[in-house]
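Student: The UniProt record's numbering applies: residue 1 is where the sequence shown begins, and numbers increase by one. Note that beta-carbon positions come from the ideal geometry of N, C-alpha and C, so glycine has one too. Please read all numbers here as calculations on a predicted model, not as lab measurements. Sharing a structure below in structure tokens format, with a few things to ask.
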Amino acid sequence: MKILTVVGISNSGKTTVVEGLIKELKARGYSVGSVKSISCGSRCHLLVNGKCKCSAGRDHRFTIDTDMKNSARHRLAGSAQITTWAESETAVMYQRELSYKELVDLYDYDYLIFEGDYYNHAPRIVTASTAESAKERITDMTFAVCGRIGEQMVELDGLPVINPVSDINALADLVEEKVFPMLPEIDNLNCRLCGSTCKELGVKILRGHASVNDCKLIKQSTLLSYNNNRVDISDTQQKKLVAAINRVLEENNLLPSNVPIEINITTDGY
1 MKILTVVGIS NSGKTTVVEG LIKELKARGY SVGSVKSISC GSRCHLLVNG KCKCSAGRDH
61 RFTIDTDMKN SARHRLAGSA QITTWAESET AVMYQRELSY KELVDLYDYD YLIFEGDYYN
121 HAPRIVTAST AESAKERITD MTFAVCGRIG EQMVELDGLP VINPVSDINA LADLVEEKVF
181 PMLPEIDNLN CRLCGSTCKE LGVKILRGHA SVNDCKLIKQ STLLSYNNNR VDISDTQQKK
241 LVAAINRVLE ENNLLPSNVP IEINITTDGY
């Protein structure tokens, strides 16, 4: 699954970019999921006086459930996880902030687009109205600048500036070219088997100086066999399996490597 993030100040065009990319990527035959990070922003008086304790700037007061709904009564009674279940939609609500890994593991699509998350190391699109605002948010992982600034210029510090309203095709082309499958940093591995951290390798891939295949863990893939028969597993199942095995290896001071691992399961499952 390939992940990208779209960041920028309020009213700079983030949602317009995400909306346009979802439609265009789906039109090209891809499956797409999305995450909207809810931040404090200017609404948080604690943020203004420097006393905000929100995790990564995410709003500690936000809830999609209101006290007027029956599901909210479940929450107020202490249920740790609430699901509203209907024919048209299913919503699962956790009463805590999920970690980045937990959140990503809920998805299994061709592309996952984050809106407003500054804290992952995925390829980044910056939206802005001015060059100054864009430059404040450009990092080594930025591959495009979008938003209202696209009406003023076509390039900024060597990065393409694209108007997402009039040229969403060009932006989607760039996403197909630049965005790559997530690296194992999602599990905090950073094994350095490739000679770099996951973040360093990501920058090299984005600049065309390396390939995803340079990641030893991704290159090796995950082969699961049962009674000598190969079992096909999804990307999400593969990541969970690799993460679980790597945690055991790390606890025993062993580095992940491209070697077969044998697991014997008895009839009682242990």
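Ignore the nearest five residues each way along the sequence and tell me which others in V212's own chain have a CB closer than 7 Å to its CB.
Tutor: Residue numbering aside, residue 212 sits at position 212 when the sequence shown is read from its first letter. Contacts found: F180, P181, I205, I218.
Student: Below 7 Å CB to CB, which residues in the same chain sit around K178 once its five sequence neighbours on both sides are set aside?
Tutor: Position 178 of the sequence shown holds residue 178. Within the same chain, K178 has close Cβ partners P123, F143, L206.
Student: Are the CB atoms of I113 and V7 nearer to each other than 8 Å?
Tutor: The residue given as residue 113 occupies position 113 in the sequence shown. The residue given as residue 7 occupies position 7 in the sequence shown. Against a cut-off of 8 Å, the Cβ pair of V7 and I113 comes out as no contact.
Student: Hey, quick one: how far does the alpha helix (DSSP H) through C198 stretch, first residue to last?
Tutor: Counting from one through the sequence shown, the residue named residue 198 turns up at place 198. Unbroken alpha helix (DSSP H) run through C198: 198–206.
Student: Any contact between the region 144–157 and the region 68–76? By contact I mean 3 or more CB pairs, one from each, below 8 Å.
Tutor: no
Student: Based on DSSP bridge pairs, tell me the residues matched to A91.
Tutor: Locating residue 91 in the sequence shown gives position 91, counting from the first residue. Answer by DSSP bridge pairing, in chain order: T84.
Student: Is it buried or exposed for L4, if we count other Cβ within 10 angstroms and need 16 for buried?
Tutor: Reading the sequence shown from its first residue, position 4 is the one you call residue 4. Burial check for L4: the Cβ neighbour count within 10 Å reaches 16 or more, so the residue is buried.
Student: Quick one: measure Cβ to Cβ for L183 and C215, integer angstroms, because I've assumed they're closer than 8 Å.
Tutor: In the sequence shown, counting from the first residue as 1, residue 183 sits at position 183. In the sequence shown, counting from the first residue as 1, residue 215 sits at position 215. Rounded to the nearest angstrom, the Cβ distance from L183 to C215 is 6 Å, consistent with a contact under 8 Å.
Student: According to the neighbour-count rule (16 or more other Cβ atoms, all chains shown, within 10 Å of its Cβ), is M153 buried or exposed?
Tutor: For the purposes of this step, residue 153 is taken as residue 153 along the sequence shown, with counting starting at 1. It counts as exposed.
Student: Is DSSP giving I64 helix, strand or coil here?
Tutor: The residue you call residue 64 lines up with position 64 of the sequence shown. I64 falls in the coil class under three-state DSSP.
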